[in-house]
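Undergrad:
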Amino acid sequence: MAFINLKKKEVQVKIVYYGPGRGGKTTNLEYIYKKLSRRIKTEMVAIKTHGDRTLFFDFFPFEMGKIKGYDIKIQLYTVPGQVKYNATRKLVLRGVDGVVFVGDSAVVRREKTILSLENLKENLATYNKDIFQTPLVLQYNKRDLEEQGIPVLPIETIDQDLNSELKAPFFEASAIVGTGVIPTFKKITAMTIASLEKELK
Amino acid sequence: MAYVLKQTHLEDIEEILENYLPQAGIHCVLLIDMAGNIIAEHEIGKTKHDIPSLAALSAANFGAVNALAKIIGEEEFSVLFNKGERENIHFSKVLDEFLLVCIFDNEVSLGLLRLKIAKAIGKIREILES
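For the record, the sequence lines run as chains W and Z.
Heads up: the first sequence is residues 1058 to 1258, going by the numbering used here.
Heads up: the second sequence is residues 46 to 175, going by the numbering used here.
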């Protein structure tokens, strides 16, 4: 839940990158961090396993500038994607204001991606949040795999799998090279801030 | 959804963080919410900590320890204390949604510190409830 500080005229919001394991959530954050590093004052926090997989979360804060006279501070988090880490995944979602769901376009990852979106719905529900009422952007990542001969789902198929009911904005991406990462980030920040607009008088 | 704290409430909270708690030897104190947002902070001395990361990790750590509590049949562990060679961190819950994080060195008397923190929590709770 965003915090509005009337004394400092500041808003703090929390955006979480969610999705299946090895889907590219950390890669998204690393790319954003690299691109915006001049505007980020701190190191990126990453709690990883020895095998370099996210164990708890990655995190960095980012100052977006002013909107309606308020300084907007965005806190970006990823969750661990592996199924077994649901307890920690749920913790990171606490107080979330906006979600990017990073889906894996590879045909072999289709089921894992669908299950992860179901898991997001369930975990939001534990905080009495409805996915339909939460600012959400979908990212269909790893589009570049096709060039390496790895079968990827057509956009229509992955969109039908994930977005037929949600009707959320979506972006094609190859986070490893940065394609689609910044548009996804811009869209979720705009949607999250817009959802708070009533409170920013 | 968002929650708002008024200027007067924040000033009252800052008064506790800036004047009351440093008397117990606390040199860095934050009031955060369980999402990791920073409500108020105060730091004295030369060392400047990475406050946003401290807040994010504190909220996550507290959440993780409370999940552990539930697994062993406890409702919660409302106080956590991490001791280091030079620096220590004390976490205490304020109402259901907030966490007071205090950093202090080994010169500080733990008994006095706990007493001061308990009193500060009472005052902060009153402000937040009003």
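Here a beta-carbon is modelled for each residue, glycine too, at the ideal position from N, C-alpha and C.
The structure displayed is predicted, hence computed values, not measured ones.
#1: Give me the residue from W/Met1121, W/Thr1246, W/Leu1219, W/Met1058 with the minimum Cα distance to Z/Asn82.
#2: Roughly how many angstroms separate the alpha carbons of Z/Ile77 and Z/Leu144, rounded to a whole number?
#3: Which residue from Z/Glu88, Z/His87, Z/Leu75, Z/Val49 puts its Cα closest to that of Z/Ala104?
#4: Please confirm if Z/Leu157 has its CB atom under 8 Å from at least one CB of chain W.
#5: Residues of chain W with CB closer than 8 Å to the CB of Z/Glu56, please, in chain order.
#6: Under 7 Å Cβ-Cβ, which residues of chain Z neighbour W/Arg1151?
#7: One question on the structure: do W/Gly1138 and W/Gly1076 come within less than 8 Å of each other, judged by their Cβ atoms?
#8: Check each candidate in W/Arg1095, W/Lys1082, W/Asn1062, W/Ile1072 and name the one with the smallest Cα separation from W/Ser1173.
#9: Write down the C-beta distance between W/Ile1072 and W/Asp1154 rounded to the nearest angstrom, noting that I regard them as a contact closer than 8 Å.
#10: On the DSSP letters alone, give me the boundaries of the alpha helix (DSSP H) that W/Gln1132 sits inside.
#11: Measuring alpha carbon to alpha carbon, tell me which of W/Arg1200, W/Phe1228, W/Ile1104 ends up nearest W/Thr1241.
#12: Using 10 angstroms around the beta-carbon of W/Ala1225, count the other beta-carbons present and answer buried if the total reaches 16, otherwise exposed.
#13: Interface residues of chain Z around W/Met1248 at Cβ under 7 Å?
#14: Closest to W/Lys1092 by CA distance: which of W/Phe1119, W/Ile1104, W/Asp1115 is it?
#15: For Z/Asp141, return the contacting residues in chain W, with the cut-off set at a CB-CB distance below 7 Å.
#16: Do you know whose CA, among W/Val1165, W/Val1164, W/Gly1108, W/Tyr1090, lies nearest W/Ile1131's CA?
#17: How far does the beta strand (DSSP E) with Z/Ser137 in it extend, from its first residue to its last?
#18: Any idea if Z/Asp141 is buried or exposed, counting beta-carbon neighbours within 10 angstroms, 16 or more meaning buried?
#19: Can you list, in chain order, the residues of its chain with a C-beta nearer than 7 Å to that of W/Thr1145? Leave out the 5 residues immediately preceding and following it.
TA: Taking the coordinates as given:
#1: Looking from the CA of Z/Asn82, the closest CA among W/Met1121, W/Thr1246, W/Leu1219, W/Met1058 belongs to W/Met1058.
#2: The alpha-carbon atoms of Z/Ile77 and Z/Leu144 are separated by roughly 5 Å.
#3: Answer by Cα proximity: Z/Leu75.
#4: No - not a single Cβ of chain W is within 8 Å of the one on Z/Leu157.
#5: Lys1064, listed in chain order.
#6: What W/Arg1151 touches in chain Z: Met79, Ala80, Gly108.
#7: Yes, they are a contact pair.
#8: The shortest C-alpha separation from W/Ser1173 is found at W/Lys1082.
#9: Indeed they touch by this definition, with Cβ atoms about 7 Å apart.
#10: Membership of W/Gln1132 in any alpha helix (DSSP H) is not indicated; the residue belongs instead to the beta strand (DSSP E) covering 1127 to 1135.
#11: Shortest Cα-Cα distance from W/Thr1241 to any of W/Arg1200, W/Phe1228, W/Ile1104 involves W/Phe1228.
#12: The residue is buried, with at least 16 neighbouring Cβ atoms inside 10 Å.
#13: In chain order: nothing, as chain Z lies at least about 14 Å away.
#14: Taking W/Lys1092 as reference, the option from W/Phe1119, W/Ile1104, W/Asp1115 with the minimal CA-CA separation is W/Phe1119.
#15: None at all; the shortest Cβ gap to chain W is about 11 Å.
#16: The candidate whose alpha carbon is nearest that of W/Ile1131 is W/Tyr1090.
#17: Residues 132 to 139.
#18: Answer is exposed; the Cβ neighbour count stays below 16.
#19: If we look at W/Thr1145 and ignore the five residues flanking it on each side, its Cβ neighbours are Phe1113, Pro1137.
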